[in-house]
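Protein chains in written order, with our numbering: chain Z, 15 to 257; chain V, 109 to 325.
From the three backbone atoms N, C-alpha and C, an ideal C-beta is built for every residue, glycine too.
As the structure is a computational prediction, the values presented were derived from the model and not from experiment.
Notes follow once the structure below has been shown.
Here's what the structure looks like:
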């Protein structure tokens, strides 16, 4: 059974239809990169998967949960589906450790030394063990984003969504975040990522999906898609070099 | 005619205590109602939103004096005799609640919406989001304007003197009636208001500075 199934999803903001019937399936352990121009609907698609945006029609099933807008169902789904944002969105009034431990404690009822050990473990995974008691304001953008990844991992999600997570970072900080994501991919995490990092998509993603005008325009194994793009739109997109 | 001596001074000081008590009670009850209203204004239920907006609109559009008259004289028409302290603190609490609600609604809305998204994506319920993510940040934002409003409230307690409740202003009037030394008497009264309000104003300004400094680093 696929980890993510998206069937004929439509989504409009007012009169503007941003998703015009998108279907996509992601196997367990698979890494799928979604590329495309701004406005092609790729972030919206990602945000529909964990219910941050409600789609008007179509069906989404993720980690065994069929998506609907019932708040209780959404919470259950979100325990299994992590998301990392472009702007990190750490909680500025909480320390790194508290950022990580809050949701497992509140949503999953974990606690005590066990929870702390788990938080230290995920923080070690992103290489920031020494920052447990630091506050987000005192971290660099790259470090904040790695903490955001750790915060998501602490929920032990079955699927992870990444929404342009390196777009707000200086080039020299992008690398440290991508390394963490590559490690996750190698560890077998099911990942969907919207990205402008073409090298990362080519080298790490099993499948790359090119979105254009609210549709999946072209998709396939990353190696093939980047080597031999078939549609003129993808060819133009890849050769433009400016994404 | 009496002189303006220690007994009169003591009387004025004691009345300043009533002003303080009135402020504390009005602010306490006003906070509870105002906080509830602020959350209602941001509720997903249209009915709750409309109820809160209506209340705030009405209270902000009528003088607090009218609320005071209504609760003091109005209710007595129906045979409900409120002691003047209750009528006074209830009216001021109603007045404070409408203003605090708006200050706090603004503060809650100043918390970036991404904080809502991030916390809901972590499977937190709406109540948990408020309790652990949004309100702690909103409280920080709201402190300077809240303390600023508190200064207004201290001064506005003087209005309840019209229903015969003896707080600081009323005490001044009474002493003046007996001594005919308006300049001296009301200088003392004004000085006491100043001693209460000045530290609060400074606190508000200080908090504003601290908050802005915190935002920049």
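Q: Check residue 41 of chain Z in the structure and name its three-state DSSP category.
A: The answer is coil: DSSP assigns residue 41 of chain Z none of H, G, I, E or B.
Q: Select from the stretch 223-244 of chain V all residues with a C-beta closer than 8 Å to any C-beta belonging to chain Z, and list them in chain order.
A: Legend: CB atoms of the stretch 223-244 of chain V lying less than 8 Å from CB atoms of chain Z belong to residues 223, 225, 226, 227, 228, 229, 230, 231, 232, 233, 234, 236, 240, 241 and 244.
Q: Spatial neighbours of residue 180 of chain Z within its chain, please: CB distance less than 7 Å, with the 5 preceding and 5 following residues excluded, ordered by chain position.
A: If we look at residue 180 of chain Z and ignore the five residues flanking it on each side, its Cβ neighbours are 188, 191, 192 and 211.
Q) Can you tell which of Z:132, Z:248, Z:76 and Z:250 has the C-alpha that lies nearest to the C-alpha of residue 39 of chain Z? A) Residue Z:76 is the option with its Cα nearest to residue 39 of chain Z.
Q) If contact means a Cβ-Cβ distance below 7 Å, which residues of the stretch 71-100 of chain Z contact chain V? A) Those residues of the stretch 71-100 of chain Z placed with their C-beta closer than 7 Å to a C-beta in chain V are 89, 92, 93, 97 and 99, ordered along the chain.
Q: Leaving out five residues on either side along the sequence, give the residues of the same chain with a beta carbon under 8 Å from the beta carbon of residue 110 of chain V.
A: Cβ neighbours of residue 110 of chain V beyond the five flanking positions: 116, 286 and 287.
Q | 8 Å Cβ cutoff, residue 120 of chain Z in contact with chain V | A | For residue 120 of chain Z, the closest Cβ of chain V is nearer than 8 Å.
Q: Indicate whether at least one CB of chain V lies closer than 8 Å to the CB of residue 66 of chain Z.
A: It does: the Cβ of residue 66 of chain Z has a partner Cβ on chain V nearer than 8 Å.
Q: Identify whether residue 96 of chain Z lies in helix, strand or coil by the three-state DSSP scheme.
A: Residue state, collapsed to three classes: strand.
(Q) Which residues does DSSP list as the beta-bridge partners of residue 222 of chain Z? (A) Beta-bridge annotation (DSSP): residue 222 of chain Z is paired with Z:47 and Z:234.
Q: Could you list the residues in the stretch 113-137 of chain Z with a C-beta less than 7 Å from some C-beta on chain V, going in chain order?
A: Of all residues in the stretch 113-137 of chain Z, those with a C-beta nearer than 7 Å to a C-beta of chain V are 116, 117, 120 and 121, reading in chain order.
Q: Report yes or no: is there a C-beta of chain V within less than 8 Å of the C-beta of residue 18 of chain Z?
A: With a threshold of 8 Å between beta carbons, residue 18 of chain Z makes no contact with chain V.
**Q.** For residue 20 of chain Z, the residue or residues it bridges with in DSSP
**A.** Under DSSP, the beta-bridge partners assigned to residue 20 of chain Z are Z:38 and Z:74.
(Q) Run through the DSSP bridge pairs and tell me what residue 31 of chain Z is partnered with. (A) The beta-bridge partner set that DSSP reports for residue 31 of chain Z consists of Z:26.
Q) Which same chain residues, not among the five before or five after residue 157 of chain V, have their C-beta less than 7 Å away from its C-beta? A) The answer, listed in chain order, is 148, 149 and 151.
**Q.** Buried or exposed by the 16-neighbour rule on C-beta atoms within 10 Å, applied to residue 118 of chain V
**A.** It counts as exposed.
Q) Going by C-alpha distance, which of Z:82, Z:220 and Z:227 is nearest residue 235 of chain Z? A) Answer by Cα proximity: Z:220.
(Q) With H, G and I counted as helix, E and B as strand and the rest as coil, what does DSSP make of residue 207 of chain Z? (A) Here residue 207 of chain Z sits in strand by DSSP.
Q: Measuring only between beta-carbons, confirm whether residue 105 of chain Z sits less than 8 Å from chain V.
A: Yes, contact with chain V.
Q. Is the CB of residue 203 of chain Z under 8 Å away from at least one CB in chain V?
A. So, not an interface residue.
Q | Cutoff 8 Å: residue 169 of chain Z Cβ touching any chain V Cβ | A | By this cut-off, residue 169 of chain Z is an interface position.
Q. Does the beta-carbon of residue 126 of chain V have 16 or more other beta-carbons within 10 angstroms, so that it is buried, or is it exposed?
A. Residue 126 of chain V comes out buried.
Q | Neighbour-count burial assignment, residue 93 of chain Z, 16 or more Cβ in a 10 Å radius | A | Per the 10 Å Cβ criterion, buried.
Q: State the Cα-Cα distance for the pair residue 237 of chain V and residue 88 of chain Z, rounded to the nearest angstrom.
A: For the pair residue 237 of chain V and residue 88 of chain Z, the Cα-to-Cα distance works out to about 15 Å.
Q) Would you call residue 310 of chain V buried or exposed, if buried means 16 or more other Cβ atoms sit within 10 Å of its Cβ? A) Classification of residue 310 of chain V: exposed, given that the 10 Å Cβ count is below 16.
Q | Alpha-carbon spacing of residue 121 of chain Z relative to residue 189 of chain V, whole angstroms | A | When only Cα atoms are considered, residue 121 of chain Z and residue 189 of chain V end up about 51 Å apart.
(Q) Considering only the alpha carbon of each residue, which of V:297, V:318 and V:264 lies closest to residue 280 of chain V? (A) For residue 280 of chain V, the nearest C-alpha among the options comes from V:297.
Q: Determine whether the Cβ of residue 259 of chain V lies closer than 8 Å to any Cβ atom of chain Z.
A: The Cβ of residue 259 of chain V sits no closer than 8 Å to any Cβ of chain Z.
(Q) Taking 8 Å as the threshold (beta carbon to beta carbon), is residue 239 of chain Z in contact with chain V? (A) With 8 Å as the cut-off, residue 239 of chain Z does not count as an interface residue toward chain V.
Q) CB residue 98 of chain Z to CB residue 161 of chain Z, shorter than 8 Å? A) Contact: no.
Q. Going straight from the alpha carbon of residue 314 of chain V to that of residue 131 of chain V, what length do you get?
A. Taking the straight line joining both Cα atoms gives about 22 Å.
Q | is_contact[residue 186 of chain V, chain B] using C-beta, thresh 8 Å | A | You won't find chain B in this structure, because its protein chains are Z and V.
Q) Which of the three DSSP states, helix, strand or coil, is assigned to residue 324 of chain V? A) Bear in mind that the predicted position of residue 324 of chain V carries a pLDDT of just 42, short of 50, making it unreliable; the figure below should be weighed with that in mind. Residue 324 of chain V falls in the helix class under three-state DSSP.
Q. What is the DSSP secondary structure of residue 107 of chain Z, reduced to helix, strand or coil?
A. Note: residue 107 of chain Z maps to coil in three-state DSSP.
Q.
Applying the 10 Å Cβ sphere with the 16-neighbour rule, what's the burial state of residue 303 of chain V?
A. It is exposed - the Cβ of residue 303 of chain V has fewer than 16 other Cβ atoms within 10 Å.
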